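Residues in the sequence shown are numbered from 31 upward in steps of one, following this note's numbering. First up is the structure itself, then whatever we jot down about it.
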Amino acid sequence: MITITPYGAAGEVTGSAYLVETGSSTILVDFGMFQGDKDDDARNVIPGRIHRMDIDAVVLTHAHLDHCGRLPLLVREGYRGPIFTTPAARDLAEIILLDAAHIMESDFERRRRRSEQRGRKLNRYDQPLYDTDDVTQTLDLMEETEYNAPTRVTKDCSVIFHDAGHMLGSATVELRIEEDNGNERIVVFSGDLGPPNFPYLRDPEPPSKADVLVLESTYGDRDHKSLDDTLEEFERILIEAVDANGKVFIPAFAIGRAQQMMFHLAELIRKQRIPSLPIFLDSPMAIKAVNVYRMHRDLFDAESTKLSEHGQMDHDLRSLVLCTTAQESKQINEATGPFIVIAGSGMCTAGRIMHHLRNNLEDQRSHFIIAGYQARGSLGRRLVDGASEVMIHGERRFVKAKIHTLGGFSAHAGQTDLVGWYAKVAANGTPLTFLTHGEQEARTALKDKLSELYNVNAYLPAYSEHLVL
Ligand SMILES: [Zn+2]
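This is the structure:
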């Protein structure tokens, strides 16, 4: 008997974690953090059942924090088994997990000092979930596994990673589980799936068969605005800014989004749609990620391979300025436009974008291009929603700069892409299908779509529900 129990991303998009129990082993697929909700601290724990089961192996689909963010917690509690993931996912997880630990450590330090001043005691949730040492230990356990190379995970289970096209090193996980009766069952976790034609990445390569499928449904209810339309709008904004000697700021998540924006800027410069104006990559984390991209060029799609092999990309981005130190970042304030700044965080909640907002939000010639998802409550969301004034680090700023929201840059497959991916997996027999990693409306819409097109009755599991296969 095989069971799967989701411990996150069931009717929501964060906290991905699946406990897979076979006849003789226990495997955890992803162990991600819950993000974006005030109750997250209470949920970012190791569920009792995972505690009680001796986990034999972990399989990680990709490096986003909502997929790997609870792993150091597991290691802190004594896990010493292998964590199978692709080499690029390991390298990006190193940047992401160390950053997460660093933020938690400094938050804790700040709270500790404040409590000391007020003579108060810290409560349990004020403690950092884990620290840098836990992350280092977690990284040491990672076993780098190439795509399409069957690898033994436990005595009755092996894994094959397929490119998921969502992030560098991202994978769809195919588990091949040998049952006591000698049969083999193929259990596939889609992981997060990318859209086709995402910069640098290859398109998702679905496995050709599954007996059981756990499919993401982030955008199960809609398709994105087309990339072509989005790029046209992007170009228009840049030209307007250049003509007026304006400044363009792009709040961007350091890994994936920042490189994607650089790719599109390189293309516009190459095609001479915009001049080669200064582009400040104002994010130490994004700069580190650029180096990981360079190390894993073998994963690029054909177009990016060609562009990077012949040095074309470096030539296109000859005006790129890497800002590693805080001093270098501050110097941007002295520069005159036109120029472009890519800085974190993507939702304007922290990081260097904050000082650019403070200094430029009241400047009518400045442009802020919001290219990613903005969670409710974030400053980015308030700007997108048209706030006329906002507070930044306790200072009031009137929003006079132009705020643009570009909707077509998502790293997630839209509904049509998800359905197409499903069709390929189901071509050799309809799998038992579970939909996760989507808000309730999104996964319900995808369920209806799959039912309509393929007459499949997909199931929508709840948190900690035992799915007996
Ligand atoms: Zn992801």
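Here a beta-carbon is modelled for each residue, glycine too, at the ideal position from N, C-alpha and C. Note that the coordinates shown come from a computational prediction; the quantities given were computed from them, not determined experimentally.
Pair within 8 Å by beta-carbon distance, residue i and residue j
i	j	result
F398	L413	yes
A417	G374	no
A284	S256	no
E162	L128	Going by the sequence as given, residue 162 is Thr instead of Glu. It is a contact, given that the beta carbons lie within the stated cut-off.
P281	I400	yes
R106	D164	yes
T184	D67	no
V351	I299	no
I422	M384	yes
Three-state class that DSSP yields for residue i in the structure shown
i	result
Y452	helix
H132	helix
M31	coil
F428	strand
L462	strand
S494	coil
Y48	strand
T379	coil
M343	helix
M315	helix
V75	coil
F330	coil
A356	helix
H294	helix
R110	coil
Y323	helix
S338	helix
S145	helix
G280	Residue 280 is actually Ile in this sequence, not Gly. Here I280 sits in strand by DSSP.
L231	coil
H94	coil
M421	strand
A488	coil
F61	strand
Contacts around residue i, its chain only, beta-carbon distance under 8 Å, and the 5 residues preceding and following it disregarded
i	result
Y493	P36, Y37, G38, A40 and G41
P158	A131, M134, E135, D137 and F138
E419	R426, R427, F428 and V429
E174	T115, T116, P117 and R120
L448	L223, L245, E246, S247, Y249, G250 and L476
H326	P117, A118, D121, L198 and G199
Residues bridged to residue i [DSSP beta-bridge criterion]
i	result
K477	DSSP, once it has assigned bridges, lists no residue as partnering K477.
F310	V351 and V371
H434	I399
A40	None; A40 has no bridge partner.
T115	E174
V272	DSSP output for V272 lists no bridge partner at all.
R206	S188 and I216
D193	A201
E246	T466
Neighbourhood of residue i by C-beta distance below 6 Å, restricted to the same chain and skipping five residues each side
i	result
T44	F64, Q65 and D96
L490	L465 and R473
A123	A93 and C98
G53	D210
G286	M197 and A441
I126	A93 and L95
I394	One point to set straight first is that residue 394 is Gln, not Ile, in the sequence displayed. Around Q394: K430.
Cβ-based neighbour list, residue i, same chain, cut-off 7 Å, excluding 5 preceding and 5 following
i	result
L307	V272, S349, P368, F369 and I370
Closer than 7 Å: residue i CB and nearest ligand 2 heavy atom
i	result
H196	Ligands present in the displayed structure are limited to ligand 1, and ligand 2 is not among them.
For the 8 Å Cβ check, are there 3 or more pairs between the region 461–468 and the region 240–250? The region 240–250 and the region 461–468 touch, with three or more beta-carbon pairs separated by less than 8 Å.
Is it true that the region 191–203 meets the region 112–122, where meeting means three or more beta-carbon pairs spaced less than 8 Å apart? Touching, yes.
For the region 273–281 and the region 390–406, state whether three or more C-beta atom pairs, one from each stretch, are separated by less than 8 Å. Yes: the two stretches touch, three or more of their Cβ pairs being nearer than 8 Å.
Could you tell me whether the region 204–221 touches the region 231–239, using the rule of 3 or more Cβ pairs below 8 Å? Yes, they touch.
Are there three or more Cβ pairs, one per stretch, closer than 8 Å when the region 220–232 is compared with the region 325–336? Yes, since at least three Cβ pairs between the region 220–232 and the region 325–336 fall closer than 8 Å, the two stretches touch.
Below 8 Å, can you find three or more Cβ-Cβ pairs linking the region 143–154 to the region 183–193? As far as the Cβ criterion goes, the region 143–154 does not touch the region 183–193, which means the pair count is below three.
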